[in-house]
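Some notes on the structure that comes next.
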Ligand code: SF4
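Numbering (the numbering used here), first residue to last: 172 to 630.
Given below as structure tokens:
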């Protein structure tokens with residue numbers, strides 16, 4: 172599920188950020204009503220959850236909601252369909268399971284992203300999780316940072332092969348070597364053909380650098396840029412101030428030289444989040460699996476917790492692909508854990524149509540949706556399987572707002588009416604953010620055939 176709000180009425184709980192701006196983003200203390208009930212978002216430090224906490228979420232979701240638990244595209248969880256009047260019980264149960272922030276005002280700012288395999292990925296240049304933990308703790312401990320937008324994100328990339336580079340973050344750092352991070356604003360660590368580096372900072376200064384950037388940002392937070400936008404994200408700052416000027420105002424020895432524009436990160440491995448992945452210690456593997464369309468019911472989450480207890484000392488990591496990773500599984504148990512996840516309904520292989528399909532809440536949960544994206548995605552997966560096609564990267568969006576995908580996927584279906592979509596194919600996004608319109612107002616069957624034809628041309 173995307174980390175944005177669906178169209179709603181007013182939040183039930185504290186509905187404002189620390190700057191006094193109304194926020195429609197769900198949080199642990201801000202349960203936001205949607206068509207299918209309240210949404211409570213649980214921010215997971217570095218995407219990590221214990222089996223005990225997973226059971227607590229399953230229990231309260233079973234008692235107080237329609238029972239939909241969603242993995243989000245920021246490696247968090249949310250409970251949907253919370254029944255009116257049960258919000259205090261939900262919040263109390265989550266706090267009792269240590270799922271809240273170190274202090275209540277800090278819940279919104281716990282947005283520090285790392286690879287789900289940070290610390291264990293054999294391709295990593297360094298372990299990003301230590302720095303990420305320190306940043307997370309300081310964000311929570313120092314009240315001035317609680318004024319940041321609930322969407323303000325920081326990515327710390329250790330160079331892992333399992334890495335999400337499609338979600339822009341306000342500040343990103345990416346390991347160049349053991350001593351150096353590249354950094355940038357309002358984007359992602361750069362690949363060869365996209366994004367760009369603003370400079371380099373010594374790894375020993377990385378924490379101070381992040382907070383110097385935040386202090387600079389906070390000096391502008393809530394003011395307006397020359398385009399009239401209220402500044403709540405770094406992209407609003409870049410309208411008037413270049414990355415070079417920001418760097419010049421930060422009193423740290425930032426290295427900026429000719430290689431800044433040229434540096435790019437090694438490409439991650441596609442679909443590394445599914446199936447069995449090697450770890451740095453070859454006695455262990457990480458097992459990745461996707462609940463279809465990112466949704467779990469309480470019974471499945473409980474069974475996953477039981478499996479984590481047996482296979483991983485009780486650790487579950489959530490990923491920005493709305494999936495899970497069980498780290499530190501004995502290599503000899505790899506196949507049996509995969510089989511168990513398959514039997515629980517998880518997707519563990521990339522060649523299944525639903526493995527690369529995302530949707531927003533659709534008409535079951537959002538008042539702006541023109542179509543039931545979740546149900547239609549299942550139908551589309553069946554249609555594609557019948558056509559022996561698996562297009563990698565399909566996004567079904569209930570309207571053109573595109574909450575579920577920060578960047579265009581290969582194919583985007585935008586709802587026009589129940590069961591019908593405009594179909595876009597990403598070739599050139601200069602005229603439309605989704606790409607070229609290849610079919611207007613198509614039924615799911617028609618869309619499936621269109622995508623199959625495009626897929627066969629690509630092969
Ligand atoms: S993309 Fe549109 S329909 Fe889907 S959740 Fe966002 S606002 Fe609602």
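All C-beta atoms, glycine included, are put in the ideal place defined by N, C-alpha and C.
*asked:* Once the 5 residues before and after residue 625 are set aside, which same chain residues still bring their CB inside 6 Å of it?
replied: The residue labelled residue 625 in the question sits at position 454 within the chain shown. Around residue 625: 596.
*Please check the pair residue 232 and residue 250, which I expect to be a contact at CB under 8 Å, by giving their CB distance rounded to whole angstroms.*
As a first step, residue 232 must be located in the chain shown, where it is residue number 61. As a first step, residue 250 must be located in the chain shown, where it is residue number 79. About 5 Å separates the two Cβ atoms, so the contact holds.
*Using a threshold of 7 Å, state whether the C-beta atoms of residue 570 and residue 618 are closer than that.*
On the chain shown, position 399 is the one that residue 570 refers to. On the chain shown, position 447 is the one that residue 618 refers to. No.
*Taking only the alpha-carbon atoms, compute the straight-line gap between residue 465 and residue 564 and give it to the nearest angstrom.*
Counting from 1 along the chain shown, the entry for residue 465 is found at position 294. Counting from 1 along the chain shown, the entry for residue 564 is found at position 393. So the alpha carbons of these two residues sit roughly 15 Å apart.
*How about residue 286 and residue 331: are their beta carbons less than 7 Å apart?*
The count along the chain shown starts at 1 and reaches residue 286 at position 115. The count along the chain shown starts at 1 and reaches residue 331 at position 160. It is a contact, given that the beta carbons lie within the stated cut-off.
*Is residue 588 near the ligand SF4, judged by its Cβ being under 6 Å from some heavy atom?*
Indexing the chain shown from 1 puts residue 588 at position 417. False, no ligand heavy atom lies under 6 Å from that Cβ.
*asked:* Here's the rule: buried if 16 or more other CB atoms are within 10 angstroms of the residue's CB, otherwise exposed. What is residue 241?
replied: On the chain shown, residue 241 is found 70 positions in, with the first residue counted as 1. The residue is buried, with at least 16 neighbouring Cβ atoms inside 10 Å.
*Run the CB neighbour count on residue 547, radius 10 Å, all protein chains shown included, and call it buried at 16 or more, exposed below.*
On the chain shown, residue 547 is found 376 positions in, with the first residue counted as 1. Residue 547 comes out buried.
*Who are the Cβ neighbours of residue 590 in its own chain at under 7 Å, not counting the five residues just before and after it?*
Taking the first residue of the chain shown as position 1, residue 590 is located at position 419. Answer for residue 590: 542, 547, 614, 615, listed in chain order.
*Spell out the partners DSSP gives residue 163 in its beta bridges.*
As displayed, the chain neither begins before 172 nor continues past 630, which places residue 163 out of reach and without an answer.
*Is residue 290 near the ligand SF4, with its Cβ less than 6 Å from a heavy atom?*
Translated into the one-based positions of the chain shown, residue 290 becomes position 119. No.
*asked:* Taking the straight line between their C-alpha atoms, what separation do you get for residue 361 and residue 257?
replied: Within the chain shown, residue 361 is the residue found at index 190, counting from 1. Within the chain shown, residue 257 is the residue found at index 86, counting from 1. Cα to Cα, the separation comes out at about 44 Å.
*Using the C-alpha atoms, what's the distance from residue 266 back to residue 275?*
The count along the chain shown starts at 1 and reaches residue 275 at position 104. The count along the chain shown starts at 1 and reaches residue 266 at position 95. Using only the alpha carbons, I get a separation of about 10 Å.
*Would DSSP call residue 498 helix, strand or coil?*
Position 327 of the chain shown, counted from the start, is the residue given in the question as residue 498. Strand at residue 498.
*asked:* Among the candidates 503, 435, 417, whose CA atom is the shortest distance from the CA of residue 449?
replied: On the chain shown, residue 449 is found 278 positions in, with the first residue counted as 1. The residue with the shortest Cα to Cα distance from residue 449 is 503.
_For a test of your reading of the model: does the CB of residue 540 fall under 6 Å from any non-hydrogen atom of the ligand SF4? Yes or no._
Locating residue 540 in the chain shown gives position 369, counting from the first residue. Flag set: Cβ of residue 540 near the ligand SF4.
_Residue nearest to residue 514 in terms of C-alpha spacing, selected from 463, 593, 405, 247_ = Counting from 1 along the chain shown, the entry for residue 514 is found at position 343. Ranked by how close their Cα comes to the Cα of residue 514, the residues 463, 593, 405, 247 have 463 in first place.
*At which residues does the alpha helix (DSSP H) containing residue 285 begin and terminate?*
Within the chain shown, numbered from 1, the residue matching residue 285 stands at position 114. Here residue 285 belongs to no alpha helix (DSSP H), and DSSP marks it neither H nor E.
*How do the segment 223 to 238 and the segment 554 to 562 stand: do at least 3 beta-carbon pairs fall below 8 Å, yes or no?*
No, they do not touch.
_Is the beta carbon of residue 374 closer than 7 Å to that of residue 352?_
Stepping through the chain shown from its first residue, residue 352 is reached at position 181. Stepping through the chain shown from its first residue, residue 374 is reached at position 203. Result yes, Cβ atoms of residue 352 and residue 374 sit closer than 7 Å.
*Would you mind listing the alpha helix (DSSP H) stretches within the segment 427 to 480 that are 4+ residues and don't spill past its ends, in chain order?*
none
_Identity of the residue in 607, 611, 577 nearest residue 593 by Cα_ = Here residue 593 refers to the residue found at position 422 when the chain shown is read from its first residue. For the residues 607, 611, 577, the minimum Cα distance to residue 593 belongs to 611.
_Any heavy atom of the ligand SF4 closer than 6 Å to the beta-carbon of residue 195?_
As a first step, residue 195 is located in the chain shown; it is residue number 24 there, counting from the start. Because no heavy atom of the ligand SF4 lies under 6 Å away, the Cβ of residue 195 does not count as near it: no.
*With 16 other Cβ atoms within 10 Å as the buried cut-off, status of residue 394*: The sequence position of residue 394 within the chain shown is 223, counting from 1. Per the 10 Å Cβ criterion, exposed.
*Identity of the residue in 582, 383, 586 nearest residue 607 by Cα*: Mapped onto the chain shown, residue 607 falls at position 436. Taking only the C-alpha atoms, the option nearest residue 607 is 582.
*Just the C-alpha distance for residue 178 and residue 200, rounded to the nearest angstrom, thanks.*
Here residue 178 is taken as the residue at index 7 of the chain shown, counted from 1. Here residue 200 is taken as the residue at index 29 of the chain shown, counted from 1. Unreliable positioning characterises residue 178 in this predicted model, as indicated by a pLDDT of 48, which lies under 50. The coordinate reading is nonetheless provided below. Answer to the nearest angstrom: the Cα atoms are 19 Å apart.
_Through-space distance from residue 277 to residue 439, alpha-carbon basis_ = Within the chain shown, residue 439 is the residue found at index 268, counting from 1. Within the chain shown, residue 277 is the residue found at index 106, counting from 1. Cα to Cα, the separation comes out at about 32 Å.
*Sort 435, 456, 452 by Cα distance to residue 443 and report the nearest one.*
Position 272 of the chain shown, counted from the first residue, corresponds to residue 443. The shortest Cα separation from residue 443 among 435, 456, 452 belongs to 456.
*Drop a sphere of 10 angstroms on the beta-carbon of residue 191, count the other beta-carbons inside from all chains shown, and report buried for 16 or more, exposed for fewer.*
The sequence position of residue 191 within the chain shown is 20, counting from 1. Because the pLDDT of residue 191 is 48, which lies under 50, any placement of that residue in the model is unreliable, and the number read from its coordinates should be weighed accordingly. With fewer than 16 Cβ atoms within 10 Å of its Cβ, residue 191 is classed as exposed.
*Rounded C-beta distance between residue 599 and residue 561? I'm assuming under 8 Å.*
Taking the first residue of the chain shown as 1, we reach residue 599 at position 428. Taking the first residue of the chain shown as 1, we reach residue 561 at position 390. Residue 599 to residue 561, Cβ: 23 Å. No contact.
*Would the beta-carbon of residue 283 fall within 7 Å of that of residue 303?*
Position 112 of the chain shown, counting from 1, holds the residue named residue 283. Position 132 of the chain shown, counting from 1, holds the residue named residue 303. Yes, the pair counts as a contact, with Cβ atoms nearer than the cut-off.
_For residue 398 and residue 537, the rounded distance between their alpha carbons_ = By 1-based counting over the chain shown, the position of residue 537 is 366. By 1-based counting over the chain shown, the position of residue 398 is 227. About 30 Å.
_In the DSSP output, what is residue 326 paired with across the bridge?_
For the purposes of this step, residue 326 is identified with residue 155 of the chain shown, where counting begins at 1. Looking at the DSSP assignment, residue 326 forms a beta bridge with 284, 343.
*Out of 347, 492, 566, 475, state which residue places its alpha-carbon closest to the alpha-carbon of residue 484.*
Sequence index remark: in the chain shown, residue 484 carries index 313 (1-based). Shortest Cα-Cα distance from residue 484 to any of 347, 492, 566, 475 involves 475.
*The beta strand (DSSP E) with residue 251 in it runs from where to where?*
One-based indexing of the chain shown puts residue 251 at position 80. Unbroken beta strand (DSSP E) run through residue 251: 248 to 253.
_Using a Cβ-Cβ cutoff of less than 6 Å, which residues in the same chain neighbour residue 380 once the five nearest sequence positions on both sides are dropped?_
Within the chain shown, residue 380 is the residue found at index 209, counting from 1. Around residue 380: 372, 423.
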